[in-house]
């Protein structure tokens, strides 16, 4: 029974259905119909619904949710080779930061293996148990390769997720509710691939059998390498590199099968992200990426063999500042070696590494760092001043180990984050320097240290302050790298180059003076003097090059309007920009920050004409070239106190890192200095 409805007599109802349908037919598909009261929230919601760019469930006319791949048709070996090579291309894209939904998870074969999540290794297959046919040999081989690839991705994810990284900046760890075969061991996956190789060897008449076997062998070697890296085990050999080079020329036998990859799979993934286009790279780019990845892994383990803190600092900076920064996985691998809960850095305990560095730089012959105790007859009693000084020094070193380790780890971040962390590290090391000065004062009292005349005035006496000098050395090095990274990352505008090159020269000059002071007080340890001398040459070369560039840009600034700042009043003056650039230095106790007016008074070259400024730049360029050549002759590695020429020193010097360091230094001589010389003819 239909209930009666009350209709008000003053309201007249009209059926507009036909008119609405007729009007809707005139509106193009995708056009948004709204009134004046349509809010922004409603507009965004309407755009998401039915828009293929925003709505993962939206279908084009005549489209469906199912992929077009026909699993009832067996694969040919050529098609399997093409699919494997395309998977490698998408794997390389994933390693470089693109999400799985746009790369590997567009594969229909990987989708069949991963969903639903297999409880047993035998359940991980393209064909379900109720399929109309049994899998062919080629499909068994492709399945085994896919298992190995997925397990490689699982190990890469585990390494990266366990370290410090930035989502979307570095890597996309979203797996969309796929378990990535986490419940199966590496040995189980390798057994599946080795079984597939045995099947291949039994098929004498199978086309392109050798190419398929090479790909399986590479995947086994790569999986074993990643498994060893997860346990911080140095690779015994790099056979994966040899196998990769063998595979690259054999990509042509593949027969394209585009239906094996489908963007529709994104609609079935557990994600709130709108659908995105598929991302892949060419086979040549993929093989180049994996070649570099394997080389960087080998270099990373060479870094772990470095035995001195200064060498480790140089090695990490050289490795991470390459034109093409190592991949996120390699950077996570390096971080893993310097984990906060570990007591060793590379091949030496952290305390020993710091002790050796302090001994080499500031305390070459002091008994302060000698190990007391252990029942030695020469050990002083606990109440003796020497024992108290040693105990306080060891406590200080234990405290420094944590920020030193964090500094090494921060070098493994992306370059923008490295610069940001250097700002924070300088403040932290400034506080450590203040504590070190107090400890130096206590040790002076305990050891009854006598001051020495230092400086131009013979009557002026000074103490060595070894521990605070060591901390100040690394703090100045951080400040220098911080300024240099501003140029590397193009943080500074061209019209800021004059001031920032002067500031770089200023900080480097302070570092030079400090190193000369260290050399004066540690002169008695001549056989350990290589570290300050090496750093001294590098600082001299950097100082003179920065001063030369400051003068070159001063002249360019005078004549080229592109290098002149636009005075924007209170919101954009040179003084405000200088304050912004030197903000990381403002809170430091030493070196004292310079205000804008004070900096201009010291650095101004206005009283010199162009010819005089360029003459100074030419002289500084010659001096800088000599400095870099001296740095190149000295080598990058300080090595052990036994010396560079010993057999032990030669064994400990990483060849790959040395080659990269030499390339960088020669690049400075061949490119930076000639550019300055050419500018002198401006």
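Residue numbers (the UniProt record's numbering): 1 to 682. C-beta: ideal position from N, C-alpha, C; glycine also. Bear in mind that the values here come from a model prediction, so they are computed numbers and not experimental data.
Beta carbon of residue 283 nearer than 7 Å to that of residue 85: Counted from its first residue, the chain shown places residue 283 at position 283. Counted from its first residue, the chain shown places residue 85 at position 85. In contact: residue 283 and residue 85 (Cβ atoms closer than 7 Å).
Spatial neighbours of residue 217 in its chain, beta-carbon cut-off 8 Å, leaving aside the 5 residues before and after: Here residue 217 corresponds to residue number 217 of the chain shown, with the count starting at 1. Only 197 and 243 meet the Cβ criterion.
Chain-order list of residues whose beta-carbon lies under 7 Å from that of residue 498 (same chain, five-residue window excluded): Here residue 498 refers to the residue found at position 498 of the chain shown. The residues are 550, 553, 554 and 557.
With 16 other Cβ atoms within 10 Å as the buried cut-off, status of residue 27: Your numbering for residue 27 matches position 27 in the chain shown. Exposed, because fewer than 16 other Cβ atoms sit within 10 Å of the Cβ of residue 27.
Residue range of the unbroken alpha helix (DSSP H) whose run includes residue 406: The residue given as residue 406 occupies position 406 in the chain shown. Start and end: 385–410.
Alpha carbon of residue 399 to alpha carbon of residue 657, nearest angstrom: Mapped onto the chain shown, residue 399 falls at position 399. Mapped onto the chain shown, residue 657 falls at position 657. Cα to Cα, the separation comes out at about 29 Å.
Within 7 Å, strictly: CB atoms of residue 536 and residue 515: The residue labelled residue 536 in the question sits at position 536 within the chain shown. The residue labelled residue 515 in the question sits at position 515 within the chain shown. Cβ distance < 7 Å, so residue 536 and residue 515 count as in contact.
Under 7 Å between C-beta atoms of residue 538 and residue 631: As a first step, residue 538 is located in the chain shown; it is residue number 538 there, counting from the start. As a first step, residue 631 is located in the chain shown; it is residue number 631 there, counting from the start. Yes, the Cβ-Cβ distance between residue 538 and residue 631 is below 7 Å.
Residue closest to residue 162, alpha-carbon to alpha-carbon, out of 416, 575, 316 and 230: Counting from 1 along the chain shown, the entry for residue 162 is found at position 162. The shortest C-alpha separation from residue 162 is found at 230.
Own chain, CB closer than 7 Å to residue 434, minus 5 neighbours either side, in chain order: The residue labelled residue 434 in the question sits at position 434 within the chain shown. Within the same chain, residue 434 has close Cβ partners 589.
contact_flag[the region 357–367, the region 467–478] where n(CB pairs < 8 Å) is 3 or more: yes
Contacts around residue 369, its chain only, beta-carbon distance under 8 Å, and the 5 residues preceding and following it disregarded: In the chain shown, residue 369 corresponds to position 369, counting from 1. Result list for residue 369: 355, 358, 359, 363, 390 and 393, in chain order.
Opening and closing residue of the alpha helix (DSSP H) in which residue 276 lies: Here the question's residue 276 lines up with position 276 in the chain shown. Residue 276 -> no alpha helix (DSSP H), and no H or E assigned at all.
Buried versus exposed, by CB contacts within 10 Å (16 or more), residue 314: Looking up residue 314 in the chain shown gives position 314. Buried, because 16 or more other Cβ atoms sit within 10 Å of the Cβ of residue 314.
Rounded C-alpha distance that separates residue 593 from residue 561: For the purposes of this step, residue 593 is taken as the residue at position 593 of the chain shown. For the purposes of this step, residue 561 is taken as the residue at position 561 of the chain shown. If you take the alpha carbons of residue 593 and residue 561, they lie about 30 Å apart.
Length of the line joining the Cα atoms of residue 662 and residue 321: Walking along the chain shown from the start, residue 662 turns up at place 662. Walking along the chain shown from the start, residue 321 turns up at place 321. Roughly 13 Å between the two C-alpha positions.
Residue 167, DSSP secondary structure in three states: The count along the chain shown starts at 1 and reaches residue 167 at position 167. Of the three classes helix, strand and coil, the one that applies to residue 167 here is strand, per DSSP.
First and last residue of the uninterrupted alpha helix (DSSP H) at residue 514: For this step, residue 514 is matched to residue 514 along the chain shown. Taken as a continuous stretch (DSSP letters only), the alpha helix (DSSP H) holding residue 514 covers 497–521.
Residue 271 versus 334, 352, 172 and 201, residue with shortest Cα-Cα distance: Start at 1 with the first residue of the chain shown, and residue 271 comes out as number 271. Residue 271 has its Cα closest to that of 172, out of 334, 352, 172 and 201.
For residue 667, three-class secondary structure by DSSP: Taking the first residue of the chain shown as 1, we reach residue 667 at position 667. Three-state DSSP puts residue 667 in a helix.
8 Å Cβ shell around residue 136 - same chain, five flanking residues per side excluded: One-based indexing of the chain shown puts residue 136 at position 136. So the qualifying residues of the chain are 74 and 75.
Three-way DSSP call (helix, strand, coil) for residue 462 in this model: On the chain shown, position 462 is the one that residue 462 refers to. Strand.
Start-to-end residues for the alpha helix (DSSP H) that takes in residue 217: Mapped onto the chain shown, residue 217 falls at position 217. First-last of the alpha helix (DSSP H) with residue 217: 209–230.
When 265, 255, 305 and 330 are compared against residue 291, the one with the closest alpha-carbon: The residue labelled residue 291 in the question sits at position 291 within the chain shown. For residue 291, the nearest C-alpha among the options comes from 330.
For residue 289, the nearest candidate out of 455, 664 and 88 (CA to CA): Working through the chain shown from its first residue, we reach residue 289 at position 289. Nearest option by C-alpha distance: 88.
C-beta atoms of residue 465 and residue 451 nearer than 7 Å: Counting from 1 along the chain shown, the entry for residue 465 is found at position 465. Counting from 1 along the chain shown, the entry for residue 451 is found at position 451. In this structure, residue 451 does not lie closer than 7 Å to residue 465 by Cβ.
DSSP beta-bridge partners of residue 38: To locate residue 38, count along the chain shown from 1; it is residue 38. In the DSSP output, where bridge partners are listed per residue, residue 38 has none listed.
Contact belief for residue 101 with residue 266 at Cβ below 8 Å, rounded distance in angstroms: Within the chain shown, numbered from 1, the residue matching residue 101 stands at position 101. Within the chain shown, numbered from 1, the residue matching residue 266 stands at position 266. With a Cβ gap of about 5 Å, residue 101 and residue 266 count as contacting.
Residue environment, residue 309, which counts as buried when at least 16 other CB atoms sit within 10 Å: Working through the chain shown from its first residue, we reach residue 309 at position 309. So residue 309 ends up on the buried side.
Whole-angstrom distance between residue 412 and residue 318, CA atom to CA atom: For this step, residue 318 is matched to residue 318 along the chain shown. For this step, residue 412 is matched to residue 412 along the chain shown. Approximately 11 Å, taken between the alpha carbons.
CB of residue 327 within 7 Å of CB of residue 95, strictly: Position 327 of the chain shown holds residue 327. Position 95 of the chain shown holds residue 95. Yes, the Cβ-Cβ distance between residue 327 and residue 95 is below 7 Å.
Three-pair Cβ contact test at 8 Å for the region 137–152 versus the region 205–220: yes
Whether residue 124 touches residue 113 by CB criterion (7 Å): Sequence index remark: in the chain shown, residue 124 carries index 124 (1-based). Sequence index remark: in the chain shown, residue 113 carries index 113 (1-based). Their beta carbons are under 7 Å apart, which means residue 124 touches residue 113 by this criterion.
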